[in-house]
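Numbering (my numbering), first residue to last: 11 to 300.
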Ligand SMILES: NC(=O)c1ccc[n+]([C@@H]2O[C@H](COP(=O)([O-])OP(=O)(O)OC[C@H]3O[C@@H](n4cnc5c(N)ncnc54)[C@H](OP(=O)(O)O)[C@@H]3O)[C@@H](O)[C@H]2O)c1
């Protein structure tokens, strides 16, 4: 299987480069080599001749997207649409990622794939536009909606909290944002297992399974309790300066982009389709930190 992997230096892309390599010929592309736009995609795909395109590239700066919505839409929607067209033209398949931020977070129970979308900010709107571009053209594409992705390698919520715990005596963290933290390696392994499982006829298998699937760490937690777990499970906690974790409301910590209140994702559809479910978020965090 030939795979063109886009965004190979990102949190998920970096892990995918490792997890896909044992069973596929991976052509990895990162922004350092190709600053992608919709026009730039065609020659890249032409040259790589992939059976499957895995798109881990995205404009992921939630607050930045409020200031530069055009760029967010160019990467998260127009580029994705172009990938969908190339996928169709080449009779290839596409694996793409989207986000829990397509929801407004007001549902009292975990979100399923068919729930109504209502993004609160430009990032969520641009990602939703990317999802829609693929479903409107009926591309052979599987879209994994994930959430709260963290890596220990790149700047993420987890690395930021670990840094602040060493720098400050008090940390204020919001209690009224709840989600499903996802260790980027677990997500990449799950996607690799799915692709490995359909390696003999990947294009047909993805075409058949086309659609949206929720794939995030199991369970959900508030930003505040997630931070408590990060500090508890950090093997270097003896180096922490922090003495107090102060619970605050999101309204006390205004950011350019509004965040949804609670977006736990229900992974039952992915489990029914592939028998894959990501580990509980706390187990994954403990592994990530060791
Ligand atoms: N991070 C989260 O919390 C989160 C939550 C829900 C869903 N997701 C989704 O999960 C997927 C993977 O996210 P991630 O956390 O791995 O993101 P990430 O770490 O920000 O990586 C995204 C990658 O895309 C690259 N990129 C951005 N614009 C590009 C362009 N125009 N051309 C080529 N490459 C470009 C970036 O390059 P540089 O390295 O040069 O910047 C980066 O390597 C994305 O679809 C994202 O929307 C993420």
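Even for Gly, the Cβ is constructed at its ideal location relative to N, Cα and C. Because the structure is a prediction, the values reported are computed rather than measured.
Is any heavy atom in ligand 1 found nearer than 7 Å to the beta carbon of residue i?
i: residue 273; result: no
i: residue 110; result: yes
i: residue 113; result: no
i: residue 300; result: no
i: residue 17; result: yes
i: residue 158; result: yes
i: residue 208; result: no
i: residue 40; result: yes
i: residue 277; result: no
i: residue 22; result: yes
i: residue 69; result: yes
i: residue 30; result: no
i: residue 87; result: no
i: residue 137; result: yes
i: residue 46; result: yes
i: residue 193; result: no
i: residue 27; result: no
i: residue 107; result: yes
i: residue 164; result: yes
i: residue 66; result: yes
Taking 8 Å as the limit between beta carbons, can you name the residues of its chain near residue i, skipping five residues before and five after?
i: residue 6; result: The requested residue 6 does not occur in the structure, where the chain is confined to residues 11 to 300.
i: residue 179; result: 251, 252, 253, 254
i: residue 181; result: 171, 174, 175, 237, 252, 254, 255, 256
i: residue 66; result: 15, 16, 17, 18, 20, 22, 23, 26, 107
In terms of DSSP beta bridges, what is residue i paired with?
i: residue 176; result: BP columns for residue 176 are empty, so no partner.
i: residue 12; result: 35
i: residue 109; result: 156
i: residue 189; result: 231
i: residue 254; result: 180
i: residue 275; result: 121
i: residue 222; result: 153
i: residue 104; result: 63, 151
Who are the Cβ neighbours of residue i in its own chain at under 6 Å, not counting the five residues just before and after it?
i: residue 267; result: 72, 73, 76, 131
i: residue 290; result: 228, 229
i: residue 144; result: 94, 151
i: residue 193; result: 294, 298
i: residue 90; result: 140, 143
Return the first residue and the last residue of the alpha helix (DSSP H) that residue i is part of.
i: residue 206; result: 194-207
i: residue 216; result: 212-219
i: residue 51; result: 48-58
i: residue 294; result: 291-299
i: residue 161; result: Note, residue 161: premise wrong, no alpha helix (DSSP H); not H, not E.
i: residue 22; result: 21-30
i: residue 93; result: 89-99
i: residue 264; result: That residue, residue 264, is in no alpha helix (DSSP H); it is neither H nor E in DSSP.
i: residue 140; result: 132-146
i: residue 79; result: 79-83
Can you tell me where the beta strand (DSSP E) with residue i in it begins and where it stops?
i: residue 64; result: 62-65
If you measure from the beta carbon of residue i to each beta carbon in chain B, is any gap under 8 Å?
i: residue 294; result: Note that chain B does not occur in the displayed structure, where there is just one protein chain.
Can you list, in chain order, the residues of its chain with a C-beta nearer than 7 Å to that of residue i? Leave out the 5 residues immediately preceding and following it.
i: residue 215; result: 208
i: residue 189; result: 110, 157, 158, 230, 273, 274
i: residue 116; result: 271
* To do: Flag this pair as touching only if the region 117-125 and the region 23-40 have three or more C-beta atom pairs under 8 Å; answer yes or no.
  => no
* Asked: Would you say the region 232-246 touches the region 202-209, given that touching needs at least three Cβ pairs under 8 Å?
  -> no
* Three or more C-beta pairs below 8 Å linking the region 91-98 and the region 50-67 -> Put simply, the region 91-98 touches the region 50-67. At least three CB pairs are less than 8 Å apart.
* Is it true that the region 133-147 meets the region 77-86, where meeting means three or more beta-carbon pairs spaced less than 8 Å apart? -> yes
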